[in-house]
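Below is one structure, written out as structure tokens; comments come after it.
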Ligand SMILES: Nc1nc2c(ncn2[C@@H]2O[C@H](COP(=O)(O)OP(=O)(O)OP(=O)(O)O)[C@@H](O)[C@H]2O)c(=O)[nH]1
Ligand code: SF4
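Protein chains in written order, with this note's numbering: chain C, 1 to 552; chain X, 1001 to 1384.
In structure tokens form, the structure reads like this:
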């Protein structure tokens, strides 16, 4: 999903020996962070395991929305920020301007900013010196009982789960019997190592160090990110606070085209989850699509990554429904329902309040495009918060906006409004009541549950009409007129029809033509099989995503 | 020779035979048949090969219908025709009341050839008239003139009982008026039978290439439909029965041979590219002239494709073919022929299309309605 901005925190998790002033040796442990908003939770996790943050800004691109967001996260965690301007070797670098932006956007002073080029090595020694001088050495008592923070993990087919830890107190040794405090499971450390930056085995990790261990843990679900590792025989009595589990923000249905592939799909999804516990799925049934799964993702990029892995790892033909965010419904009876699927919306009469997730979204963009972006935001039901100028030509624009209006294509729209120069970042604020309705689609008078969406009442008519237009293009002509309708409850708000086929008959059918015809029928029947039949109407897979493309 | 009574039923053992003569003066723009152009020096050899292939029957086969098609059988000289018909009738013995059709091109038929045909028992001539409008004949690259048709009809009529005329509609730029005129001029010649074929752009033909390059523009669906409907209306009004998607006949003048195909019954096939259907096995002879000559003359099999359908596939195919007929599919006959119950195969689909007004069902037969005929292919596909 577009380019990734340079991350504000650098490099692979790495331990590195550095010769400091006076020949003293320092060990720096580094954690790299991802640059996309879908994976912001990883940034937070990493920050909690650090004493300082290197805030990298690209000298040619300038400050980005993520730069600001992550700088604030670092400040909230009380980390020392070392601001760095990278890529000063590039001819199009504009160091002074960008440093001015950094002063405005994140409140660093120009004098603190280090100018480096990772490519030519310029300023790298100064950077190391600054890290050693400015960032405090890790606290922690090697003599205290073992307390280590699990900040990440991954699954290795040969070695099982690899756990990434930051040791806060005590020491972690090879062969040690450890306890994962949350599940109270005990394991023996089989292998231990540091990132230098390649994984390198060692025998001990002590307070302040970052590294990894393996302990014959079979599935990633047994390891909770944010959990505390302690010594089984001499446990700490104060586990670390840990992290909030990242919650899926976007859901969509995934169905095998052939119902018989259901089990195979389940296996593929389970395999994906082995390495990615933030991806969730559970079986669901759709009238139109049969048996499938409702899948939860951190965001659209995450969804795309999962989809690509699925396509790569299995040969299954899949139909995917349009994604939706998770809504909340307060019922008349006072219950709160989490709605991760439009099907779960109760009857209008039972709804006391319909709520949607709201995010605070920050755009960093050329000042010249502010007008266009504001227009876009107001179309997306955004509530204006503030504008801040970083320079006469660059500004930060802050809005509060329903997440549903953000996830599908706002990023692409921002890029097009700003000719590629704008960036955005958002954080979840909470649920707010809104005038929401479920928009249903009836194909030949039959509701197709997989085509339902939740929309704001004010936009429902427009969305309904566009959706039907799009469906009309996707569905082939039939032998009868196909009626398409959009409805809210029992009220029809839009209607389209697909004219029936008028003439479709081959003139000749004699001896030699018969085999050829039979093969043609077989081929066409195979094509039909890849469609989903709803009532008498064949709906191609693309149609289920039509809902997505109705927002231009 | 076997007698009719000890033979297996007509859907397994043929009472019909097709014989192919591939030679043509030149290739018409829409033609994708198995033909040979500029190979006239191989005609005699071809007759040898055909005779050899016929001889593989071992003993003469009694048949009720013979169809000599092409290509252009009448492209052969009278002497060559005489030789060909002599061989054909030696191995395929016509039973009393037989039908023997020969396809003829209005430009290549003359009185001598008609005498040869008649003297060998030909009962029916199918004339490729196509159109009476010179610019449409040109677009089709037919090499006869409109007046050749009436001349040919006249000489055939002197000797041979039944005449069928082929017409093509849906030619680029053809108007409804021109089509009406073609129909009326054809009727004016007093045929027993008329076939109206909607022009199809077969892949690889010159016409198909021209359409691809944008040099000709195919008629739209609505226009084609209007022409097709006008053909049906005009011919029915003249007393012709619309007995198959593209075929019309005066009472008692249907093509018995072609009805074998639409009943999905068995037939022999001889000659280059010929198809045959025997004992549930479909076979196709090679479409290469050289290959056919070599193999047939060496006494080898000329079959290049062969497939045996499962009973269910055969039943479904029967359904698809029989639906093209006016009488459609007779439930009792269908069960006798295929061993399957029609409603078990397609009951719900039939009911749905009856409801849509595309099929008729009188309990005994399921058949296409007028609107059903217009979309027969799409409909059949859905029944399968
Ligand atoms: N000219 C120049 N290019 C650089 C310099 N530093 C990094 N690059 C290039 O910038 C690109 C991005 O570098 P990455 O290290 O992948 O950036 P990142 O922020 O980690 O990106 P994500 O992993 O996607 O978050 C690569 O093509 C690097 O070669 C530099 O100092 N000068
Ligand atoms: S005369 Fe018939 S077989 Fe010969 S080229 Fe023309 S259409 Fe084809």
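Quick reminder that beta carbons are idealized off the backbone N, C-alpha and C, glycines included.
For residue i, the residue or residues it bridges with in DSSP
| i | result |
| --- | --- |
| residue 168 (chain C) | Answer is none; residue 168 (chain C) lacks a bridge partner. |
| residue 1065 (chain X) | X:1016, X:1099 |
| residue 538 (chain C) | C:533 |
| residue 1303 (chain X) | X:1285 |
| residue 186 (chain C) | C:179 |
| residue 401 (chain C) | C:359 |
| residue 389 (chain C) | C:395 |
Top-ranked residue by Cα proximity to residue i, from the options
| i | options | result |
| --- | --- | --- |
| residue 1310 (chain X) | X:1329, X:1339, X:1300, X:1017 | X:1339 |
| residue 366 (chain C) | C:206, C:391, C:496 | C:391 |
| residue 152 (chain C) | C:200, C:276, C:115 | C:276 |
| residue 1282 (chain X) | X:1293, X:1376, X:1313, X:1289 | X:1313 |
| residue 148 (chain C) | C:140, C:487, C:76 | C:140 |
| residue 363 (chain C) | C:128, C:426, C:199 | C:426 |
| residue 1305 (chain X) | X:1333, X:1273, X:1315, X:1336 | X:1273 |
| residue 356 (chain C) | C:179, C:388, C:374, C:454 | C:454 |
| residue 1167 (chain X) | X:1188, X:1130, X:1154 | X:1130 |
| residue 191 (chain C) | C:164, C:342, C:419 | C:164 |
| residue 1153 (chain X) | X:1106, X:1172, X:1180 | X:1106 |
| residue 203 (chain C) | C:226, C:176, C:229 | C:176 |
| residue 284 (chain C) | C:344, C:317, C:336, C:113 | C:344 |
| residue 287 (chain C) | C:452, C:227, C:57 | C:452 |
| residue 423 (chain C) | C:476, C:68, C:33 | C:68 |
Within-9 Å CB hit, residue i to chain X
| i | result |
| --- | --- |
| residue 514 (chain C) | yes |
| residue 3 (chain C) | With a pLDDT of only 25 at residue 3 (chain C), under the threshold of 50, the placement of this residue in the model should not be trusted; the figure read from the coordinates follows. False, the Cβ-Cβ gap to chain X never drops below 9 Å. |
| residue 13 (chain C) | Confidence at residue 13 (chain C) is low in this model, with a pLDDT of 39, below 50, so its placement is unreliable and the value that follows should be read with caution. Taking Cβ atoms only, chain X never reaches closer than 9 Å to residue 13 (chain C), which makes this a no. |
| residue 503 (chain C) | yes |
| residue 489 (chain C) | no |
| residue 485 (chain C) | no |
| residue 525 (chain C) | yes |
| residue 533 (chain C) | no |
| residue 472 (chain C) | no |
| residue 500 (chain C) | yes |
| residue 518 (chain C) | yes |
| residue 316 (chain C) | no |
| residue 539 (chain C) | no |
Element boundaries [beta strand (DSSP E), containing residue i]
| i | result |
| --- | --- |
| residue 432 (chain C) | 423-433 |
| residue 1247 (chain X) | 1247-1249 |
| residue 214 (chain C) | 210-214 |
| residue 53 (chain C) | 52-58 |
Continuous alpha helix (DSSP H) stretch holding residue i: start and end
| i | result |
| --- | --- |
| residue 262 (chain C) | 262-274 |
| residue 29 (chain C) | Careful: residue 29 (chain C) lies outside any alpha helix (DSSP H), inside the beta strand (DSSP E) at 25-30. |
| residue 128 (chain C) | 124-134 |
| residue 1276 (chain X) | Unbroken run through residue 1276 (chain X) is the beta strand (DSSP E), 1275-1278; no alpha helix (DSSP H). |
| residue 377 (chain C) | 370-379 |
| residue 484 (chain C) | From DSSP, residue 484 (chain C) is part of no alpha helix (DSSP H) but of the beta strand (DSSP E) over 482-488. |
| residue 1338 (chain X) | 1331-1338 |
Any non-hydrogen atom of ligand 4 closer than 8 Å to residue i Cβ
| i | result |
| --- | --- |
| residue 1232 (chain X) | Ligand 4 is absent from the structure shown, which contains only ligand 1 and ligand 2. |
Residue-level contact to chain C via CB, residue i, 9 Å cutoff
| i | result |
| --- | --- |
| residue 1037 (chain X) | no |
| residue 1178 (chain X) | no |
| residue 1012 (chain X) | no |
| residue 1282 (chain X) | yes |
Closer than 9 Å to chain A by CB, residue i
| i | result |
| --- | --- |
| residue 392 (chain C) | In summary, chain A is missing from the structure at hand, where the protein chains are C and X. |
*Determine contact between the segment 304-318 of chain C and the segment 227-247 of chain C, defined as no fewer than three beta-carbon pairs at a distance below 8 Å.*
As far as the Cβ criterion goes, the segment 304-318 of chain C does not touch the segment 227-247 of chain C, which means the pair count is below three.
*Do the segment 141-154 of chain C and the segment 169-177 of chain C make contact, defined as three or more Cβ pairs closer than 8 Å?*
yes
*For the 8 Å Cβ check, are there 3 or more pairs between the segment 434-450 of chain C and the segment 500-510 of chain C?*
no
*For the segment 183-192 of chain C and the segment 203-216 of chain C, state whether three or more C-beta atom pairs, one from each stretch, are separated by less than 8 Å.*
Short answer: they touch.
_Below 8 Å, how does it come out for the segment 248-264 of chain C and the segment 286-302 of chain C: are there three or more Cβ pairs, yes or no?_
yes
*Count the C-beta pairs between the segment 1083-1096 of chain X and the segment 1245-1261 of chain X that are closer than 8 Å, then say yes if the count reaches three, no if not.*
Segments in contact, no.
*With a cut-off of 8 Å, do at least 3 Cβ pairs link the segment 59-69 of chain C to the segment 324-337 of chain C?*
no
*Is the segment 1201-1209 of chain X touching the segment 1178-1189 of chain X in the sense that three or more CB pairs, one from each, lie closer than 8 Å?*
The answer is no - the segment 1201-1209 of chain X does not touch the segment 1178-1189 of chain X, with fewer than three Cβ pairs under 8 Å.
*Can you find at least 3 beta carbon pairs, one from the segment 1367-1380 of chain X and one from the segment 1326-1335 of chain X, that sit closer than 8 Å?*
yes
*Do three or more CB pairs link the segment 28-40 of chain C to the segment 300-311 of chain C at distances below 8 Å?*
yes
*How do the segment 91-104 of chain C and the segment 379-395 of chain C stand: do at least 3 beta-carbon pairs fall below 8 Å, yes or no?*
With a cut-off of 8 Å on Cβ pairs, the segment 91-104 of chain C is in contact with the segment 379-395 of chain C, counting three or more such pairs.
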